[in-house]
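Peer 1: I am attaching a structure below and will ask some questions about it afterwards.
2 protein chains.
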Amino acid sequence: MTNALALLKEALGDAVTTDAARLASAQVDESGHRSDAPPLAVVEARSIEDVQATMRIASQTRTPVVTRGAGTGLAGGAIGSAGEIVLSTMAMDQVLEINEADLLAVVQPGILNGRLNEILGERGLWFAPDPASKAISSVGGNIATNAGGLLCAKYGVTRDAVLGLKVVLADGRLLTLGHRSVKGVTGFDLTALMVGSEGLLGVIVEATVRIRRAVEGAVATIASFYPGVRDAAAASAAITAAGLQPAIMELIDQPTLNAIDAYVGSSLSTRGTAHLAVQFDGPAAADEARRALEIITELGGDAELTTDRAEAEALLAARRAAHPSLAAMGTTLIEDVSVPRTRLPDMFDAIAEVERKYGLTIPTLAHAGDGNLHPNFIFEGADVPDEIWEAAGEVFQAALRLGGTLTGEHGIGLLKKRWLGHELGADQLELQREIKRVFDPDGILNPGKVF
Amino acid sequence: MTNALALLKEALGDAVTTDAARLASAQVDESGHRSDAPPLAVVEARSIEDVQATMRIASQTRTPVVTRGAGTGLAGGAIGSAGEIVLSTMAMDQVLEINEADLLAVVQPGILNGRLNEILGERGLWFAPDPASKAISSVGGNIATNAGGLLCAKYGVTRDAVLGLKVVLADGRLLTLGHRSVKGVTGFDLTALMVGSEGLLGVIVEATVRIRRAVEGAVATIASFYPGVRDAAAASAAITAAGLQPAIMELIDQPTLNAIDAYVGSSLSTRGTAHLAVQFDGPAAADEARRALEIITELGGDAELTTDRAEAEALLAARRAAHPSLAAMGTTLIEDVSVPRTRLPDMFDAIAEVERKYGLTIPTLAHAGDGNLHPNFIFEGADVPDEIWEAAGEVFQAALRLGGTLTGEHGIGLLKKRWLGHELGADQLELQREIKRVFDPDGILNPGKVF
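For the protein sequence lines, the chains are A and B, in the order given. The numbering used here puts the first residue of the first sequence at 301, with every later residue one more than the last. The numbering used here puts the first residue of the second sequence at 301, with every later residue one more than the last.
Structure, rendered in structure tokens:
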């Protein structure tokens, strides 16, 4: 390993750091999980060549490499530990091309999603993947985790927005995958395989992404309160069942409303025990919102509608305040199950059962439009207590029973490894491991993560 | 092989046929290409168990298996030859579930795309992938080739509509991939890897597909004529550049217009040397069409617009008559390159250069909205002459030079194998071969195709 470090410094000079604070910062991500020991070094790659040089040295010395973007992951997928090189692509943060006519952009992996959207926005363009972390998460990280977000039911997940990738393999070779055209079926779809692969198959060093024109016209936003979380879930299901397609549909349960009230001094919880925010965009937005409002009111929701952008922001304020309000209550494990959207009420019931069984309160937010729930487990101290993991495990099993998945958008990383086999089954798990070996025969790419 | 046949008959009885006519029909697809010799047998699987039994016997006896849907492929990907079992999934043609609230359907692979859409249409629902062959092609085949079609720029390709798959592996094991939820990032995305894998990785025996609500309201359709094909391509590019999103945008060149006139007795070619049909749907259809009409007229197009469905069909009649008109001229090799949509004019120039060099006429249709062109090579006799392949090869190389791909939606199959390495490069080609070996270590699934 000393050898690896010496070789890295020789090849990459200043790009290699062993500064204690920098190493420590690479031991954590936004999950709060911290690795046992600092990594060997952090390489701040400035170019594809830097990444290739790093991988060649890692390959030659059999040194593990953890590729890292902005470190906003919630599953421990990009944290470094003893003897590992953390390869940051955050300095590769340029937009290389914006092609308005072909509706594509070529970007380096380190650019922040929010920054890319600022640049695109100046031209009336838009990169649709919108994880809640978009202001602070990198496009490379979004791709490595197939990030979701609030708009997925209408505008798709990250995979749908990636046309092509440049990837450095474990041995330092550079691959170009995909194409610049909308269509293309030459060989297996390795671009799609790479999206969501959590640093296990290669290092994403460039992406050709599909962009859209910004949606024109006013948005129409509804904030609504209900007597119970099942009522809110039923309203969201009824909106979809009526053929309406909101851009955003966010559900907040009672414990989360209480947390928000305590944190920001609001009195949301006096209006109901569940909150549903619904936003429509596009040419039919106002009309769709009026129809949604009727549905909500019929189902007993207490709702207000606005087409004013400033008022809309006020109506969405509860949702935006949810995470900081929960974080103020203690250490938070943000979980991430996904179920078919009609099973949302059942999933809330299952969470309530886990609450009763374990004597816990599990404040839960949901992207109701796509059936993705974030149950939050709150505890004292830095480490997740075993009992919390046990309770979370029961939540995961419930999601699987309902036809869902144990992670909708955060990924497996370190924190969900032990449940992977429950979802995939032994045969698929082995197949996935073999695919990993094809790309990385020496097992140096993010070892110990996912599998 | 006799052993394999005896085992198949013992296990599957009537589902196994060696009828000469049936064997001969499995030697061809819609490309016109015919294999050298009939296959060993055709298995008409009635169930997942039949597929598993077939694969177990094939695995045990090392007998190659060609999975086949409706046989409408255009690249020879599903044709059987000497010693091969052709495994047809066309008898597995049921819709197992339509879930309107979750906007998903579970289907068997043998159902025709058009039939599925009839069934969905009765409930106001819709499966968006729409290859031109949809009336006669199977959903399983659509998935195995990641079929494209006319609506892809707006509504995506087949991959975007597949949530999960059941797949029988080479050794007969059944895998369940993906999920019923909109989101899900557990492990590598093997569902996406399977889409477009042309029968090389497994046998698709069930699919959970995303469905949509039928688009409401009138469609608005424009038919327009231009002095030259570059003008038509420029008009299509200008429509996209103006931020408009047609559902359909189809371009026809002069040789194709001539062929249509000769075949149906029309006089389209007196109105221009290129034709562009544009159709808008959704709530803003009429407004978008008016804006497109202005653009077309400014660019010198001779255009008419209708919002009447019957008149729209009349305007699209030219496009629909194109393939039979060309087929009437001789044997047709329908090619399938794709380029970024702004490179369409350059691609037409490249085709014109190949025409001059080889003394050929290459009638060309294009899905202009997504940059997918179908140059047609017409010749006498059953076999594609070497000179035609040479000319086609130059067309493929031109597409690659323009940032495109040698197949937008038909696949590699048998007919484009020799160009695969040009697009993928040696490193990626080897990686793809290794992935194939992970799924199919004995190489019994569709051997000799793609690679």
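Beta carbons: idealized from backbone N, C-alpha and C, even for Gly.
Where does the unbroken beta strand (DSSP E) through A/ARG510 begin, and where does it stop?
Peer 2: For this step, residue 510 of chain A is matched to residue 210 along the first sequence. First-last of the beta strand (DSSP E) with A/ARG510: 503-510.
Peer 1: Which residues does DSSP list as the beta-bridge partners of B/LEU604?
Peer 2: Counting from 1 along the second sequence, the entry for residue 604 of chain B is found at position 304. Per the sequence shown, residue 604 of chain B should be read as Glu rather than Leu. DSSP output for B/GLU604 lists B/ALA523 as bridge partner(s).
Peer 1: List the whole-angstrom C-beta distance separating B/ALA358 from B/ILE744, where the pair is believed to meet the contact cut-off of C-beta under 8 Å.
Peer 2: As a working mapping, residue 358 of chain B is identified with position 58 in the second sequence. As a working mapping, residue 744 of chain B is identified with position 444 in the second sequence. With a Cβ gap of about 5 Å, B/ALA358 and B/ILE744 count as contacting.
Peer 1: Taking a Cβ distance cut-off of 8 Å, strictly less, list which residues of the stretch 458-471 of chain A are near chain B, in chain order.
Peer 2: ARG459, ASP460, LEU469
Peer 1: Can you grab the Cα-Cα spacing for the pair B/GLN545 / B/PRO640, in whole Å?
Peer 2: Your numbering for residue 545 of chain B matches position 245 in the second sequence. Your numbering for residue 640 of chain B matches position 340 in the second sequence. Cα-Cα distance, rounded: 16 Å.
Peer 1: Within the 7 Å Cβ cut-off, does A/THR508 reach chain B?
Peer 2: If you number the first sequence from 1, residue 508 of chain A lands on position 208. By this cut-off, A/THR508 is not an interface position.
Peer 1: Use the C-beta contact count for A/ARG423: other C-beta atoms within 10 angstroms, 16 or more gives buried, fewer gives exposed.
Peer 2: The count along the first sequence starts at 1 and reaches residue 423 of chain A at position 123. Counting C-beta atoms within 10 angstroms of its own C-beta, A/ARG423 has fewer than 16 neighbours from the protein chains shown and is therefore classed as exposed.
Peer 1: Which parts of the stretch 640-707 of chain A are runs of the beta strand (DSSP E), unbroken and 3 residues or longer, counting only runs that do not cross its ends?
Peer 2: For the stretch 640-707 of chain A, whole beta strand (DSSP E) runs of length 3 or above, ordered along the chain, are 664-667, 672-679.
Peer 1: What does A/GLU734 touch in chain B if you count any residue whose Cβ is under 7 Å from its own?
Peer 2: Here the question's residue 734 of chain A lines up with position 434 in the first sequence. From the beta-carbon of A/GLU734, the residues of chain B found nearer than 7 Å are VAL738.
Peer 1: Please list, in chain order, all residues of the same chain as B/THR317 whose beta carbon is under 6 Å from its beta carbon, the five residues on each side excluded.
Peer 2: Counted from its first residue, the second sequence places residue 317 of chain B at position 17. These residues qualify, in order along the chain: VAL342.
Peer 1: In chain A, what lies closer than 9 Å to B/ILE712 by C-beta?
Peer 2: Along the second sequence, read from residue 1 onward, the residue named residue 712 of chain B stands at position 412. Those are VAL485, THR486, GLY487, listed as they occur along chain A.
Peer 1: Round the Cβ separation of B/LEU706 and B/GLU723 to the nearest angstrom and send it over; I've been treating them as touching at under 8 Å.
Peer 2: On the second sequence, position 406 is the one that residue 706 of chain B refers to. On the second sequence, position 423 is the one that residue 723 of chain B refers to. About 6 Å separates the beta carbon of B/LEU706 from that of B/GLU723, a gap short enough to meet the 8 Å contact definition.
Peer 1: Do the stretch 707-723 of chain A and the stretch 644-656 of chain A meet, that is, are 3 or more Cβ pairs less than 8 Å apart?
Peer 2: Touching, no.
Peer 1: Flag B/VAL639 as yes if its beta-carbon sits less than 7 Å from any beta-carbon of chain A, otherwise no.
Peer 2: Here residue 639 of chain B refers to the residue found at position 339 of the second sequence. Answer yes: the Cβ-Cβ gap between B/VAL639 and chain A drops below 7 Å somewhere.
Peer 1: So, does the CB of B/GLY448 fall closer than 7 Å to a CB anywhere in chain A?
Peer 2: One-based indexing of the second sequence puts residue 448 of chain B at position 148. Closer than 7 Å: yes.
Peer 1: Are the C-beta of B/PRO583 and some C-beta of chain A separated by less than 7 Å?
Peer 2: Counted from its first residue, the second sequence places residue 583 of chain B at position 283. Closer than 7 Å to some Cβ of chain A, the Cβ of B/PRO583 qualifies, so yes.
Peer 1: Would you say B/ASP608 and B/HIS710 are within 7 Å of each other, going by their C-beta atoms?
Peer 2: One-based indexing of the second sequence puts residue 608 of chain B at position 308. One-based indexing of the second sequence puts residue 710 of chain B at position 410. No; because the gap between Cβ atoms is not below 7 Å, this pair is not in contact.
Peer 1: For A/ASP742 and A/GLY708, I'd like the C-alpha separation in whole angstroms.
Peer 2: Along the first sequence, one-based indexing puts residue 742 of chain A at 442. Along the first sequence, one-based indexing puts residue 708 of chain A at 408. Taking the straight line joining both Cα atoms gives about 30 Å.
Peer 1: Does the beta-carbon distance from A/GLY440 to A/GLY496 come in below 7 Å?
Peer 2: As a position in the first sequence, residue 440 of chain A is number 140, starting the count at 1. As a position in the first sequence, residue 496 of chain A is number 196, starting the count at 1. No, the pair does not count as a contact, with Cβ atoms beyond the cut-off.
Peer 1: Please report the straight-line C-alpha distance between B/ALA306 and B/GLY313, rounded to a whole angstrom.
Peer 2: Residue 306 of chain B sits at position 6 when you count from the first residue of the second sequence. Residue 313 of chain B sits at position 13 when you count from the first residue of the second sequence. One Cα belongs to B/ALA306, the other to B/GLY313, and the distance between them is close to 10 Å.
Peer 1: Using a cut-off of 8 Å between C-beta atoms, extract the partners of A/ALA537 located in chain B.
Peer 2: Numbered from its first residue, the first sequence carries residue 537 of chain A at position 237. Those are ALA401, listed as they occur along chain B.
Peer 1: Determine the extent of the beta strand (DSSP E) in which A/HIS722 is found, giving its start and end residues.
Peer 2: On the first sequence, residue 722 of chain A is found 422 positions in, with the first residue counted as 1. From DSSP, A/HIS722 is part of no beta strand (DSSP E) but of the alpha helix (DSSP H) over 717-739.
Peer 1: In the stretch 540-556 of chain B, which residues sit with their C-beta less than 7 Å from some C-beta in chain A, listed in chain order?
Peer 2: THR540, ALA541, GLY543
Peer 1: Taking a Cβ distance cut-off of 9 Å, strictly less, list which residues of the stretch 670-696 of chain B are near chain A, in chain order.
Peer 2: ASP670, GLY671, ASN672
Peer 1: Is the stretch 522-529 of chain A close to the stretch 580-597 of chain A, with three or more CB pairs under 8 Å?
Peer 2: yes
Peer 1: Does A/LEU724 get closer than 7 Å to chain B when you measure Cβ to Cβ?
Peer 2: By one-based count along the first sequence, residue 724 of chain A stands at place 424. With 7 Å as the cut-off, A/LEU724 counts as an interface residue toward chain B.
Peer 1: Alpha carbon to alpha carbon, how far is B/LEU451 from B/ALA574?
Peer 2: On the second sequence, residue 451 of chain B is found 151 positions in, with the first residue counted as 1. On the second sequence, residue 574 of chain B is found 274 positions in, with the first residue counted as 1. Their backbone Cα atoms lie some 21 Å apart in a straight line.
Peer 1: Between the Cα of A/ASN399 and the Cα atoms of A/ALA391, A/ILE385, A/LEU420, which residue gives the shortest distance?
Peer 2: As a first step, residue 399 of chain A must be located in the first sequence, where it is residue number 99. Check the Cα spacing between A/ASN399 and each of A/ALA391, A/ILE385, A/LEU420: the tightest is with A/LEU420.
Peer 1: Residues of chain A with CB closer than 7 Å to the CB of B/ASP430, please, in chain order.
Peer 2: Along the second sequence, one-based indexing puts residue 430 of chain B at 130. What B/ASP430 touches in chain A: nothing, since even the nearest Cβ is about 13 Å away.
Peer 1: For B/GLN728, which of A/ALA518, A/ARG473, A/ASP686 has the nearest alpha-carbon?
Peer 2: To locate residue 728 of chain B, count along the second sequence from 1; it is residue 428. Checked all of A/ALA518, A/ARG473, A/ASP686; the closest Cα to B/GLN728 is A/ARG473.
Peer 1: According to DSSP, is B/THR556 helix, strand or coil?
Peer 2: Locating residue 556 of chain B in the second sequence gives position 256, counting from the first residue. Helix, per DSSP.
Peer 1: What first and last residue would you give for the alpha helix (DSSP H) that runs through A/LEU374?
Peer 2: Working through the first sequence from its first residue, we reach residue 374 of chain A at position 74. Careful: A/LEU374 lies outside any alpha helix (DSSP H) and carries neither H nor E.
Peer 1: Quick check: B/ALA326 and B/GLY380, are their CB atoms within less than 7 Å of each other?
Peer 2: Within the second sequence, residue 326 of chain B is the residue found at index 26, counting from 1. Within the second sequence, residue 380 of chain B is the residue found at index 80, counting from 1. Their beta carbons are under 7 Å apart, which means B/ALA326 touches B/GLY380 by this criterion.
Peer 1: Would you mind telling me which residues of chain B sit closer than 8 Å to A/THR664, beta carbon to beta carbon, in chain order?
Peer 2: By 1-based counting over the first sequence, the position of residue 664 of chain A is 364. Result: empty, since nearest Cβ-Cβ is about 16 Å, beyond 8 Å.
Peer 1: Just list the residues that DSSP pairs B/GLN579 with in beta bridges.
Peer 2: Sequence index remark: in the second sequence, residue 579 of chain B carries index 279 (1-based). DSSP, once it has assigned bridges, lists B/THR521, B/ILE548 as partnering B/GLN579.
Peer 1: Between which two residues does the beta strand (DSSP E) carrying B/GLY464 extend?
Peer 2: As a first step, residue 464 of chain B must be located in the second sequence, where it is residue number 164. B/GLY464 -> beta strand (DSSP E) spans 462-468.
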